[in-house]
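K.L.:
Handing you this structure, nothing more for now.
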Amino acid sequence: MNKPFFSTLAIFIALTITGCTQRIQDLSDSFKFAYQGFPDAQKSWDEINALPYASLYAQLDNGPRGFMVLAFVEPSQHPSPNLKWLSGENEMLVTRNGRLVKTVNLADGNLTATHTDTPDPLSVGLNTLSMPHTWSRTIDWQPGNHSDYRADSTFKRRKLQNISVNGTPVATTHYTECVTLPALDTQYTNDYWIANDTGKIIKSYQHLAPGLPAVTLTHLKPYQGGADD
C-alpha cells in the first residue's frame, strides 16, 4: 500500500472539506448578531438558485432573519438523514424531516439530542395522517444538563392558508403540534405549514425545549438527496 499517497489524499480531502465549510460560513449569517439590530436577510430567487447548496431562512425568537445553507448531510438511525445547517460563526441547526433535532453553539442554550423509536409524523407526512395524531419522544437540552425528558405531541390540522415565501405566495395547510413535558408540567405549541402541492414543510415555528428560544425556519432551496425537507 502506498501510504504517502493515502496520506496526501487524506490531507487533500480535509482541505477540501475545510474550504467548502469556510465557503458555506461565508454565505451564511450568524445568530450572534441576532439581537444587535441587524436587518432581516433578503436573498433574491436568482441568488438562491445560483448557489449549489440547499438553503433556508432562520430566525431566533423575534430577532432578525438570517440566511443559512446546508453544510453536511449525515446518516441517522432513521430512514432520513440529518441535515446540518451552518452559520457564519459555527452555530449549527440540525434538522430531520423538517424537525429541529439538535442545535450547536447557540448562545442561550441548545437542544442536544432527540430520541425516538417510532416514526416522526413529519417523516410520514402530516397531510397523510388522520387528525388528531399523537407521538412521543425524549429530548436532552442545556444549560442544566436536562436529559431524557419525555415530550408527548398531539398534532392537529388547522386551516388552508396562503403564506409568502421570499415574496412568492404558497398555498399551504397549517398544522399545530401541542408538546407536553409531563415531568415539568409544561407545554408549548409548534406550527408547521405544509405546501399543498408537494406535501413538504415549507415553514415551521419550533420550540427547542423549555426555556430555550423558538426558531422559525422558512425553506427556500430544498435538499434534493433524500426524504428530508
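Quick note: to get the numbering used here, add 572 to the position in the sequence shown (first position is 1).
All C-beta atoms, glycine included, are put in the ideal place defined by N, C-alpha and C.
(1) With DSSP collapsed to three states, give me the class of Pro754.
(2) Our contact map puts Thr744 next to Trp765 with C-beta atoms below 8 Å; I'd like the distance itself, whole angstroms only.
(3) Given this structure, state the Cα-to-Cα distance separating Gly660 from Asp680, to the nearest angstrom.
(4) Check the C-beta distance from Ala767 over to Tyr777 and give it rounded, since I have them as a contact under 8 Å.
(5) Please report the straight-line C-alpha distance between Glu646 and Pro704, rounded to a whole angstrom.
(6) If distances are taken between C-alpha atoms only, which option among Val737, Pro754, Pro691 comes closest to Asp720?
(7) DSSP puts Leu780 in a beta bridge; with which residues?
(8) Can you check which of these residues, Thr667, Pro636, Asp612, is closest to Ala626 by C-alpha distance?
(9) Assuming Ala630 contacts Leu789 under a Cβ cut-off of 8 Å, what Cβ separation, rounded to an integer in Å, is found between them?
(10) Which value, in whole angstroms, describes the spacing of the CA atoms of Leu780 and Asp618?
(11) Leaving aside the five residues before and after Ser736 along the sequence, list all residues of the same chain whose C-beta is less than 8 Å from its C-beta, in chain order.
(12) Can you tell me where the alpha helix (DSSP H) with Asp618 in it begins and where it stops?
(13) Please name the residue in Thr761, Asp757, Asn738, Asn699 whose C-alpha comes closest to that of Leu732.
(14) Of the residues Thr770, Asp724, Arg730, which one's Cα is nearest the Cα of Leu756?
(15) Rounded to whole angstroms, what is the Cα-Cα separation between Phe639 and Asn621?
(16) For Leu678, count neighbouring Cβ atoms within 10 angstroms of its own Cβ and tell me buried if that reaches 16, exposed if not.
(17) From the DSSP output, which residues share a beta bridge with Arg637?
P.N.:
A quick look at the data gives this:
(1) On the sequence shown, position 182 is the one that residue 754 refers to. Assigned with DSSP and collapsed to three states, Pro754 falls in helix.
(2) By one-based count along the sequence shown, residue 744 stands at place 172. By one-based count along the sequence shown, residue 765 stands at place 193. Taking a contact as a CB-CB distance under 8 Å, the pair Thr744 and Trp765 counts as one, their CB atoms being some 4 Å apart.
(3) The count along the sequence shown starts at 1 and reaches residue 660 at position 88. The count along the sequence shown starts at 1 and reaches residue 680 at position 108. Looking at the two C-alpha atoms, the distance is approximately 17 Å.
(4) Here residue 767 refers to the residue found at position 195 when the sequence shown is read from its first residue. Here residue 777 refers to the residue found at position 205 when the sequence shown is read from its first residue. So it is not a contact: roughly 16 Å between Cβ atoms.
(5) Indexing the sequence shown from 1 puts residue 646 at position 74. Indexing the sequence shown from 1 puts residue 704 at position 132. Note on geometry: alpha-carbon atoms of Glu646 and Pro704 lie some 32 Å from one another.
(6) Along the sequence shown, one-based indexing puts residue 720 at 148. Comparing Cα-Cα distances from Asp720 to each of Val737, Pro754, Pro691, the minimum goes to Pro754.
(7) As a position in the sequence shown, residue 780 is number 208, starting the count at 1. Note: Leu780 sits in no beta bridge, so no partner.
(8) Working through the sequence shown from its first residue, we reach residue 626 at position 54. Looking at the Cα atoms, Thr667 is the closest of the given residues.
(9) On the sequence shown, residue 630 is found 58 positions in, with the first residue counted as 1. On the sequence shown, residue 789 is found 217 positions in, with the first residue counted as 1. That pair is a contact at about 6 Å.
(10) Along the sequence shown, read from residue 1 onward, the residue named residue 780 stands at position 208. Along the sequence shown, read from residue 1 onward, the residue named residue 618 stands at position 46. So the alpha carbons of these two residues sit roughly 32 Å apart.
(11) Counting from 1 along the sequence shown, the entry for residue 736 is found at position 164. So the qualifying residues of the chain are Val742.
(12) Against the sequence shown, residue 618 aligns to sequence position 46. Per DSSP, the continuous alpha helix (DSSP H) segment holding Asp618 begins and ends at 617 to 622.
(13) Residue mapping note: residue 732 aligns to position 160 of the sequence shown, counting from 1. Minimum Cα-Cα distance from Leu732 among the listed residues Thr761, Asp757, Asn738, Asn699 corresponds to Asn699.
(14) Counted from its first residue, the sequence shown places residue 756 at position 184. Measuring C-alpha to C-alpha distances from Leu756 to each of Thr770, Asp724, Arg730 identifies Asp724 as the nearest.
(15) Here residue 639 corresponds to residue number 67 of the sequence shown, with the count starting at 1. Here residue 621 corresponds to residue number 49 of the sequence shown, with the count starting at 1. Roughly 14 Å separates the two Cα atoms.
(16) Locating residue 678 in the sequence shown gives position 106, counting from the first residue. So Leu678 counts as buried.
(17) Here residue 637 refers to the residue found at position 65 when the sequence shown is read from its first residue. Answer is none; Arg637 lacks a bridge partner.
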